[in-house]
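Reading through the structure tokens given below for one structure.
In the working numbering, the protein residues as written are 1 to 331.
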């Protein structure tokens, strides 16, 4: 499809199409969204001519994440990159790993590449040891952090209301008759800490004691499966296990079933992220949807708006929703 055919089908001029491709503020949000949707439906691939040779040159965005294999990070980055590519923005993706020196080196690399903005995906980048280099970055380019709030000039955040998501899950389980709760915390991260705080707040609101109600384990399927024996060996009965990730919930379910625990009859289990693990488990897992696609899209649009000089909030938040499946029964 050519730009002329797209313009005719959209009922606008070719100049309007070009402005949309260049993310011009002269186009209304309603028109932009309508043309954007049509481009996706028609699989339209814009050319340099369509963007207009007088338009803004292609820009490059650096994206950093600790582990691209993580299903949540991958989903956020996919949505983020897809939106940026529609406007012909180039992307450099850096898989930093967990070592602080590697994270610093990748940030320095992107500075050398003179990227127009950096997007950090994951709460790990809140690490206070990165403050110095982040401050240097933001002296020249905007920094967008996904799923973490960091204050400072030229820093913008898109966060998921994870704590509230956990609170909602606990409340709905309580309303369904569950009374003895346990939070299984996968690893020590800023994100898992927020979820734990949400869990504790939910119990306090229900006048339930929080002592000995958090079990911290390493991330991964096998550690969660192994932890199931620690749950069944507790001196009190647990009838609702709230997990900080879907993969953790899958391991807990597998381990509890091997020990003869009826799920959800005896014990309900919830996950977090509404990932493929939630759908692939037996039973399927009730999960807090962290809106990974919406997070990536919001981060992309925030980046585009910043680079085009629009006024934007320094903090944007995305609400969660609870997707009810078999592991809890009806809620």
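The beta carbon of each residue, even a glycine, is placed where N, CA and C say it ideally should be.
If you're wondering where the values come from, they're calculated on a predicted model, not measured in any experiment.
Asked, Found
"Between which two residues does the alpha helix (DSSP H) carrying residue 251 extend?", "246 to 258"
"Could you tell me the alpha carbon to alpha carbon distance between residue 56 and residue 45, rounded to whole angstroms?", "Its pLDDT being 49, under 50, residue 56 is placed unreliably by the model, and the measurement read from it follows with that caveat. Those two C-alpha atoms are separated by around 18 Å."
"Could you tell me which residues DSSP puts in a beta bridge with residue 156?", "144"
"Could you check where the alpha helix (DSSP H) with residue 308 kicks off and where it finishes?", "Looking at the DSSP string, residue 308 is not in any alpha helix (DSSP H), and its letter there is neither H nor E."
"Who does residue 323 pair with in a DSSP beta bridge?", "287"
"For the candidate residues 184, 205, 159 and 294, whose alpha-carbon lies nearest to that of residue 313?", "159"
"Could you name the residues of the same chain whose beta carbon sits closer than 6 Å to that of residue 206, not counting the 5 residues immediately before and after it, in chain order?", "174"
"Reducing DSSP to helix, strand and coil, say where residue 125 ends up.", "helix"
"Looking only at C-alpha atoms, which of 229, 267, 122 and 235 sits nearest to residue 255?", "229"
"Using 8 Å as the Cβ pair cut-off and three pairs as the minimum, do the segment 179 to 198 and the segment 244 to 251 touch?", "yes"
"The alpha helix (DSSP H) that contains residue 317, what's its start and end?", "No alpha helix (DSSP H) holds residue 317; the beta strand (DSSP E) holding it covers 315 to 318."
"With a CB to CB cut of under 6 Å and the five nearest residues on each side skipped, what residues in its chain are close to residue 35?", "10 and 20"
"Could you spell out where the alpha helix (DSSP H) holding residue 212 opens and where it closes?", "Careful: residue 212 lies outside any alpha helix (DSSP H) and carries neither H nor E."
"Along the chain, where does the beta strand (DSSP E) that runs through residue 234 open and close?", "Careful: residue 234 lies outside any beta strand (DSSP E) and carries neither H nor E."
"Tell me which same chain residues have a C-beta within less than 6 Å of the C-beta of residue 300, skipping the five on either side of it?", "80, 83 and 84"
"Using DSSP with H/G/I as helix, E/B as strand and the rest coil, what is residue 20?", "helix"
"When DSSP builds the beta bridges, which residues end up paired with residue 182?", "241"
"Apart from the five residues just before and just after residue 138, which ones in its own chain have a Cβ nearer than 7 Å to its Cβ?", "152, 153, 154 and 155"
"Specify whether the segment 265 to 279 and the segment 69 to 77 touch according to this definition: at least 3 beta carbon pairs, one from each stretch, less than 8 Å apart.", "yes"
"Would you mind sorting residue 62 into buried or exposed? The rule is 16 or more other CB atoms within 10 Å of its CB.", "buried"
"What's the call for residue 39, buried or exposed, on a 16-neighbour Cβ count within 10 Å?", "buried"
"Quick one, are the C-beta atoms of residue 320 and residue 211 less than 9 Å apart?", "no"
"Just the Cα atoms here: how many angstroms apart are residue 257 and residue 241?", "13 Å"
"Quick one, which of 233, 87 and 252 has its alpha-carbon nearest residue 223's?", "252"
"Under the three-state reduction of DSSP, which class applies to residue 303: helix, strand or coil?", "helix"
"Which residue spans inside the segment 82 to 123 form an unbroken alpha helix (DSSP H) run of at least 4?", "100 to 112"
"Can you name the start and end residues of the alpha helix (DSSP H) that residue 130 belongs to?", "From DSSP, residue 130 is part of no alpha helix (DSSP H); its letter is neither H nor E."
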